[in-house]
Every structure is written in C-alpha cells, then in structure tokens.
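Novice: Just so you know, the sequences run in chain order A and B. Counting in this note's numbering, the first sequence runs from 57 upward without gaps. Counting in this note's numbering, the second sequence runs from 57 upward without gaps. Virtual Cβ for every residue (Gly too), placed ideally from N, Cα, C. Nothing here was measured: the structure is a model prediction, and the numbers come from that model.
Protein chains: 2
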Amino acid sequence: MKQLFVVAEGRMRDRWRQAFPDACAVPQVVDVAPLAVVARQTVWLDGVGLDLMERLARLREAVAAGYRVVVMTATPSEAEAFQALNDGAVGYCHVEAAPEQLREIALVVEHGGLWMLPELVQRLMALSLRVVPTPAPEHPELNNLTPRELMVAERVAHGASNREIAEVLDIAERTVKAHLSTIFEKLGVRDRVQLALAMNNIPTYTAVN
Amino acid sequence: MKQLFVVAEGRMRDRWRQAFPDACAVPQVVDVAPLAVVARQTVWLDGVGLDLMERLARLREAVAAGYRVVVMTATPSEAEAFQALNDGAVGYCHVEAAPEQLREIALVVEHGGLWMLPELVQRLMALSLRVVPTPAPEHPELNNLTPRELMVAERVAHGASNREIAEVLDIAERTVKAHLSTIFEKLGVRDRVQLALAMNNIPTYTAVN
DNA sequence: AACAGCATTGTACTAAAGGGCAGTAGGTAG
DNA sequence: CTACCTACTGCCCTTTAGTACAATGCTGTT
Numbered sequence: 057m058k059q060l061f062v063v064a065e066g067r068m069r070d071r072w073r074q075a076f077p078d079a080c081a082v083p084q085v086v087d088v089a090p091l092a093v094v095a096r097q098t099v100w101l102d103g104v105g106l107d108l109m110e111r112l113a114r115l116r117e118a119v120a121a122g123y124r125v126v127v128m129t130a131t132p133s134e135a136e137a138f139q140a141l142n143d144g145a146v147g148y149c150h151v152e153a154a155p156e157q158l159r160e161i162a163l164v165v166e167h168g169g170l171w172m173l174p175e176l177v178q179r180l181m182a183l184s185l186r187v188v189p190t191p192a193p194e195h196p197e198l199n200n201l202t203p204r205e206l207m208v209a210e211r212v213a214h215g216a217s218n219r220e221i222a223e224v225l226d227i228a229e230r231t232v233k234a235h236l237s238t239i240f241e242k243l244g245v246r247d248r249v250q251l252a253l254a255m256n257n258i259p260t261y262t263a264v265n
Numbered sequence: 057m058k059q060l061f062v063v064a065e066g067r068m069r070d071r072w073r074q075a076f077p078d079a080c081a082v083p084q085v086v087d088v089a090p091l092a093v094v095a096r097q098t099v100w101l102d103g104v105g106l107d108l109m110e111r112l113a114r115l116r117e118a119v120a121a122g123y124r125v126v127v128m129t130a131t132p133s134e135a136e137a138f139q140a141l142n143d144g145a146v147g148y149c150h151v152e153a154a155p156e157q158l159r160e161i162a163l164v165v166e167h168g169g170l171w172m173l174p175e176l177v178q179r180l181m182a183l184s185l186r187v188v189p190t191p192a193p194e195h196p197e198l199n200n201l202t203p204r205e206l207m208v209a210e211r212v213a214h215g216a217s218n219r220e221i222a223e224v225l226d227i228a229e230r231t232v233k234a235h236l237s238t239i240f241e242k243l244g245v246r247d248r249v250q251l252a253l254a255m256n257n258i259p260t261y262t263a264v265n
C-alpha cells in the first residue's frame, strides 16, 4: 500500500521516508486524485505552514476523494484533533512521530481503526460521556428529598463545604451533616463526591471491588 | 499473539475459533493474569449474561491487569460503547462479528489503535464537537498534569476514594494524596469535590451564595 | 557529572467529613 | 391527644482528606 504525503512545501521528511521507502510527496490531494485507481489509499496530511482553514479544506478534499486521512501536526491540540476526526480523518499524530509509530498508524487505519494520541482518547471519551443520552438520567430518588435536604444537596453538587453551607443556610454545621447523612442514604451514595456527581448526572463506578 | 476470550458461560463461539484457531476461553481475567507473561495481550470480553456492573468490573480488572480489552456485545449501544472505551477498552464490537472482522480488530488494537463501529465513530465525533470547542469551561491546565496525576484525577472524577485509587494503581495511599495535592494546585481547586466537578466541566460556586 | 522532573513513600499532624446517641421544637394526619 | 415527620443541635467519636517536611530512585537533559 503506497503512502501519499501531502505537504505544503513539497518536501518529504526523513522519518516518513524511513517508515515508507516508497512513499511519495504531493503538494495537494486533488492533483493526485485521478491517479488513485486503488481505492482507500492512505493520505498523510502535513498541516505545518498552513492555517486552520487551509488545513481543513485539504482534509475535506482528501476525505471526499475517498482517502483514509491521517492528520499530522507539530502542535497537537485537543480541539484540533476532534475537529479533524470529525471531518473524516481517521488518524491524528505528530509530524515528528517515529518511523515505527508511523507504520503502526498506517496498519491501524488501513484496517478500519482509528488512531490518536492516548491522552486524547481519554479526554474524548470523558467528554462524550457528558453529552451522550445519559443512561441513568434524573435521579428519581431526588423527589424523596425534603426541601431542606435538597438545598444542601444542591450546594454540595456545586462544591460547597459543610461550613459554607451552614453559613449560607444559617444553621449549625452539625445540621448540615445530619441532612447529608439522610441524603446519602436516600440517594444511595456514600459520600459528598458521589453525591455531587449524582446530582450532575455523572455516573460513578466504584461500587465494585 | 494469543487471544483470550472472557466468557461468563465459558463457551467459545465458532466465529471466534474461526478467526483465531489457537484462542482460548477463560471464565475471568483475574484467573489468567499471572499466566500473562507476555504483556499487552488482547482480551475479548463477552458481556452476554452479565449485568452492567459486572461487565464494568471485568473490564476494569482486565485493564488494570494491563491487557488490551475489546468489549463485545449482543446489543451495541452508543452509551455503552463510550462507557467502555472511557474505562480503558480499546475496542467495541458485536459478539457475532465475522471472523475476518475480528482479525481486523485484533490487528488494529494490537498496534495501538482504537476500534469501534463506524457509525459510533461518527456519532462520537459529532458529539464531542458540541462540547470541545467551548473554550470557556475547558481546563487548559489539564495538559499540565503528568500522566500519573491524570490517572488519579480521572478516578476522583468518578467518585473513587483515595484507598480505592491506591489499590487500583497499586501504590500507597500516601502517594495518591501526594498526587492530589499537586493536582489541586495545578488546577486551582481546593478539594476532591471541586476536582471531580472541574474534571466534568461543571462550574463551581463557592464564593457567592 | 550535575540537574530537573516525575513517581514514590514515610512520619506526623491538622482539618474536614461522617456517624451514633440524644434531645428540643413545630407541624400535621389519625 | 398521640404518632410521625421535618428541622435543628449538642457531645463525642472514627474515619478520610489534606498538608508539611523529608527522603529515595529513576530518567532524561545539559
């Protein structure tokens, strides 16, 4: 499988050459699109020297042309990564990635996989969990809370300490604790952290082990 | 690379056997963990017959043990997929996937890639874009966290206690605290509750009432 | 070699959090 | 009136959380 490197300066980097001896560099995808008799070829997009819009345009062109596109950058950024993958890229890596790394990436994307920096994968998933139709939305047990308990719970849900809550509600700190104890039991959580997460519809996985 | 299939019923499916003639089935990952002399082995987790919590527990065990985990399901769901990948899985597919497909997936994950149903990839990206571009609540300081610190922070963000984190990461509770102290300072939060909220992009009000 | 950053852990201590027990007080349903 | 719920609070105690100070080992870089 031949690799196509799209570079603004039209220059191949040594690492790419090391990774794929028979790779070739092209200034733009459109130029080679007609030549791509073999469908599903992999295109490596070097964004260095291009601004955001230009890069995006190149990416879309390549994707539209039916290529598998891996976006390379000198300054990996979360936002850019997601943007790229969202626009059809199947990989996002550093321009200076090691040759072995490049070959790994090629292998992955050529077999239908997605490749990005491990940290980004984590971030991406964490973020998605917030917007995905929450499987456990709205605690029904919330209705079992008394008005006063709800006040306390809401403040904990926003990171307030017992002392702060006591001050705002003008009650003793002991009372806040008393409310919290019943709240914990009613909602089936064990401490204020889990309460805060539950109040914000964020799942907690600690019950096991 | 030998494939491990974790199944509740202890039964291999024909398709798996076809894809990997020398694969073996095990009832649970923990049972085989000591045998895994070769690091980074791939584990296929069949969740059929298990409830959500059980599946999650198995997944975490396997991930903690250092395996690459592919979660298989009979009823693919967006939420479950993201959940699984968020908890460290690197693949999510159908239990009845074709043998060729399984081999593709194995290849992808063994080379550091991520594999999931194409539709899910689209959905995932579309969803992330809705939350990522918002520069306001984004914590840029998150990039200042070291890998280890990030691990701890993630767990706290899911409601884990120091002891639990220490157990999972196999370090002293004291070390967890040490990491947390640095995290608090780096992210500008004062305790684990605010950290958990910050990690989930939930605003905190403590100054005002 | 010297140095910085990361990861790790210990002792010891302070401060929150959380719970058990007990008691007061107001309101409401029976 | 009695029983019950909600709200509130005290004392005392245990468990977590979090910090201060100190130290070791490893891994890169200069």
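In chain A, which residues lie with their C-beta within 8 Å of the C-beta of Gln250(B)?
Specialist: Walking along the second sequence from the start, residue 250(B) turns up at place 194. The contacting residues are Gly215.
Novice: Secondary structure at Asp70(B), three-state DSSP: helix, strand or coil?
Specialist: By one-based count along the second sequence, residue 70(B) stands at place 14. Asp70(B): helix per DSSP, three-state reduction.
Novice: I'd like to know whether the C-beta of Leu163(B) is nearer than 9 Å to at least one C-beta of chain A.
Specialist: Here residue 163(B) corresponds to residue number 107 of the second sequence, with the count starting at 1. For Leu163(B), the closest Cβ of chain A is nearer than 9 Å.
Novice: Determine the closest residue to Val212(B) out of Glu175(B), Arg114(B), Val104(B) and Asn256(B), with distance taken between C-alpha atoms.
Specialist: On the second sequence, residue 212(B) is found 156 positions in, with the first residue counted as 1. Selected option, being the one with the closest Cα: Asn256(B).
Novice: Three or more C-beta pairs closer than 8 Å, one from the stretch 233-242 of chain A and one from the stretch 201-221 of chain A: is that the case here?
Specialist: In short, these stretches touch, since the Cβ pair count reaches three.
Novice: From Val52(B) to Ala252(B), what does the alpha carbon distance come to, in whole angstroms?
Specialist: Nothing can be reported for residue 52(B): it is not among the residues displayed for chain B, which extend from 57 to 265.
Novice: With a Cβ-Cβ cutoff of 9 Å, do Leu170(B) and Leu163(A) count as a contact?
Specialist: Taking the second sequence and counting its residues from 1, one reaches residue 170(B) at position 114. Taking the first sequence and counting its residues from 1, one reaches residue 163(A) at position 107. No, Cβ-Cβ distance for Leu170(B) and Leu163(A) is not below 9 Å.
Novice: Please compile the residues from chain B whose C-beta is within a distance smaller than 9 Å of the C-beta of Trp72(A).
Specialist: The count along the first sequence starts at 1 and reaches residue 72(A) at position 16. Ordered by position in chain B, no residue passes the 9 Å Cβ test against Trp72(A), which lies about 18 Å from the chain.
Novice: Go ahead and label Ala154(A) buried or exposed: buried means 16 or more other beta carbons lie within 10 angstroms of its beta carbon, across all protein chains shown.
Specialist: Residue 154(A) sits at position 98 when you count from the first residue of the first sequence. Exposed, since its Cβ has fewer than 16 Cβ neighbours within 10 Å.
Novice: Should Arg67(B) be labelled buried (16 or more other beta-carbon atoms within 10 Å of its own) or exposed?
Specialist: As a working mapping, residue 67(B) is identified with position 11 in the second sequence. Exposed, since its Cβ has fewer than 16 Cβ neighbours within 10 Å.
Novice: Ordered along the chain, which non-local residues of its own chain (more than five positions away) have a Cβ less than 8 Å from that of Asn218(B)?
Specialist: The count along the second sequence starts at 1 and reaches residue 218(B) at position 162. Contacts found: Glu229, Val232, Lys233 and Leu236.
Novice: Taking CB distances under 9 Å as the criterion, tell me whether His150(B) reaches chain A.
Specialist: Residue numbering aside, residue 150(B) sits at position 94 when the second sequence is read from its first letter. Cβ-Cβ to chain A under 9 Å: no for His150(B).
Novice: Would you say Leu91(A) lies against chain B (beta-carbon separation less than 9 Å)?
Specialist: On the first sequence, position 35 is the one that residue 91(A) refers to. Low confidence applies to Leu91(A): its pLDDT is 48, below 50, so where it sits in the model is not reliable, and the reading given next is rough at best. No, Leu91(A) does not count as interfacial toward chain B.
Novice: Taking only beta-carbon atoms, is Asn167(B) less than 9 Å away from chain A?
Specialist: The count along the second sequence starts at 1 and reaches residue 167(B) at position 111. Per the sequence shown, the amino acid found at residue 167(B) is His instead of Asn. So yes, His167(B) belongs to the interface.
Novice: Does DSSP put Thr129(A) in a helix, a strand or coil?
Specialist: Numbered from 1 along the first sequence, position 73 holds the residue referred to as residue 129(A). The three-state secondary structure of Thr129(A), taken from DSSP, is strand.
Novice: Leaving out five residues before and five after Gln97(B) in sequence, what residues of the same chain have Cβ atoms less than 6 Å from its Cβ?
Specialist: In the second sequence, residue 97(B) corresponds to position 41, counting from 1. Closer than 6 Å at Cβ, skipping near neighbours: Tyr123.
Novice: Sort Pro77(A), Ala79(A), Cys149(A) and Gln74(A) by Cα distance to Gly103(A) and report the nearest one.
Specialist: What you label residue 103(A) is simply residue 47 of the first sequence in a count that begins at 1. Gly103(A) has its Cα closest to that of Cys149(A), out of Pro77(A), Ala79(A), Cys149(A) and Gln74(A).
Novice: Pick helix, strand or coil for Leu173(A), following the three-state DSSP scheme.
Specialist: Counting from one through the first sequence, the residue named residue 173(A) turns up at place 117. If DSSP states are grouped into helix, strand and coil, Leu173(A) belongs with coil.
Novice: For Leu115(A) and Thr131(A), I'd like the C-alpha separation in whole angstroms.
Specialist: Translated into the one-based positions of the first sequence, residue 115(A) becomes position 59. Translated into the one-based positions of the first sequence, residue 131(A) becomes position 75. In a straight line, the C-alpha of Leu115(A) is about 17 Å away from that of Thr131(A).
Novice: Given that Leu253(A) touches chain B, what residues does it touch there, using C-beta distances under 7 Å?
Specialist: Looking up residue 253(A) in the first sequence gives position 197. The contacting residues are Gly215 and Ala252.
Novice: Under 9 Å, do Leu101(A) and Met128(A) count as touching if we go by C-beta distance?
Specialist: Looking up residue 101(A) in the first sequence gives position 45. Looking up residue 128(A) in the first sequence gives position 72. Yes, the pair counts as a contact, with Cβ atoms nearer than the cut-off.
Novice: My output table needs one value for His150(B): the three-state DSSP class, helix, strand or coil.
Specialist: Translated into the one-based positions of the second sequence, residue 150(B) becomes position 94. His150(B): strand per DSSP, three-state reduction.
Novice: Can you give, in chain order, each stretch of the alpha helix (DSSP H) that sits fully within the stretch 222-262 of chain B and has at least 4 residues?
Specialist: 229-243 and 248-255
Novice: Using the C-alpha atoms, what's the distance from Glu136(A) back to Gln59(A)?
Specialist: Taking the first sequence and counting its residues from 1, the one referred to as residue 59(A) is at position 3. Taking the first sequence and counting its residues from 1, the one referred to as residue 136(A) is at position 80. Using only the alpha carbons, I get a separation of about 23 Å.
Novice: If contact means a Cβ-Cβ distance below 9 Å, which residues of the stretch 224-244 of chain B contact chain A?
Specialist: Taking 9 Å as the Cβ-Cβ cut-off against chain A, the residues of the stretch 224-244 of chain B that qualify are Val224.
Novice: Looking at the strands, I want to know which residues DSSP matches up with Thr98(A).
Specialist: The residue labelled residue 98(A) in the question sits at position 42 within the first sequence. In DSSP, Thr98(A) forms a bridge with Gln59(A) and Arg124(A).
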